[in-house]
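Asker: In terms of the working numbering, the sequence shown is residues 1 to 150.
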Amino acid sequence: MKGDSIREDIIRTKMAEIEESINLVEEYLPEDVEGFLALVLVKDGIYKRIEFAVESVIDICAIINTDLGFGIPTTEEDIVENLIKNKILSREMGSMVKGMKGFRNFLVHRYGKVDDSVAFESIKSGIEDFSGFIEEVKSFLYRHRLEKTV
1 MKGDSIREDI
11 IRTKMAEIEE
21 SINLVEEYLP
31 EDVEGFLALV
41 LVKDGIYKRI
51 EFAVESVIDI
61 CAIINTDLGF
71 GIPTTEEDIV
81 ENLIKNKILS
91 REMGSMVKGM
101 KGFRNFLVHR
111 YGKVDDSVAF
121 ESIKSGIEDF
131 SGFIEEVKSF
141 LYRHRLEKTV
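Here it is in structure tokens:
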């Protein structure tokens, strides 16, 4: 690893924020699309929590990229690629993070009108990706701590 110091406290805080957001989404996300379509303000809250969780994922990636001195990226995709190349994230997780980012952009910029049915299916099928991301980051932090003690 190129860098010596990782802002682990900030990363852990952001992971806790992701977990809090995802727990709230899971608590309020109905089992079926009909229930989701019937939600009004709660649906917007779910979208905001997903958006916030994805932004925290990107923030964590950027912090690790910076702290380990992987260079100045020109795009968020470059950050993710740096983490894959340096074995911080698996290729599969890197692809998931890129997908999360695309979904966040879709929600934020409201390209046309959000198709709530499609959004519901994306949230339902992708919610576990956040836990996978947190596990990979925790594993990296553990390995990084071990390397610093050797």
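All C-beta atoms, glycine included, are put in the ideal place defined by N, C-alpha and C. None of the values given here were measured: they were computed from a predicted structure.
Please tell me whether residue 60 and residue 14 are closer than 8 Å, where the distance is taken between their beta carbons.
Answerer: If you number the sequence shown from 1, residue 60 lands on position 60. If you number the sequence shown from 1, residue 14 lands on position 14. Yes, Cβ-Cβ distance for residue 60 and residue 14 is below 8 Å.
Asker: Can you give the beta carbon distance from residue 7 to residue 78, rounded, assuming they're within the 8 Å contact cut?
Answerer: Indexing the sequence shown from 1 puts residue 7 at position 7. Indexing the sequence shown from 1 puts residue 78 at position 78. Not really, about 20 Å apart at Cβ, beyond 8 Å.
Asker: What does a CB cutoff of less than 7 Å around residue 72 pick up in its chain, not counting 5 residues either side in sequence?
Answerer: As a position in the sequence shown, residue 72 is number 72, starting the count at 1. There are no such residues.
Asker: Leaving aside the five residues before and after residue 24 along the sequence, list all residues of the same chain whose C-beta is less than 6 Å from its C-beta, in chain order.
Answerer: Position 24 of the sequence shown, counted from the first residue, corresponds to residue 24. So the list reads 49, once near-sequence residues are dropped.
Asker: Could you name the residues of the same chain whose beta carbon sits closer than 8 Å to that of residue 22, not counting the 5 residues immediately before and after it, in chain order?
Answerer: As a first step, residue 22 must be located in the sequence shown, where it is residue number 22. Same-chain partners within the cutoff: 49, 53, 127, 130 and 131.
Asker: Tell me the residue span of the alpha helix (DSSP H) that contains residue 72.
Answerer: Numbered from 1 along the sequence shown, position 72 holds the residue referred to as residue 72. Careful: residue 72 lies outside any alpha helix (DSSP H) and carries neither H nor E.
Asker: Does DSSP put residue 88 in a helix, a strand or coil?
Answerer: Position 88 of the sequence shown holds residue 88. In the structure shown, residue 88 sits in coil (DSSP, three-state: anything other than H, G, I, E or B).
Asker: Could you tell me the boundaries of the alpha helix (DSSP H) in which residue 21 lies?
Answerer: The count along the sequence shown starts at 1 and reaches residue 21 at position 21. That run of the alpha helix (DSSP H) goes 8-28.
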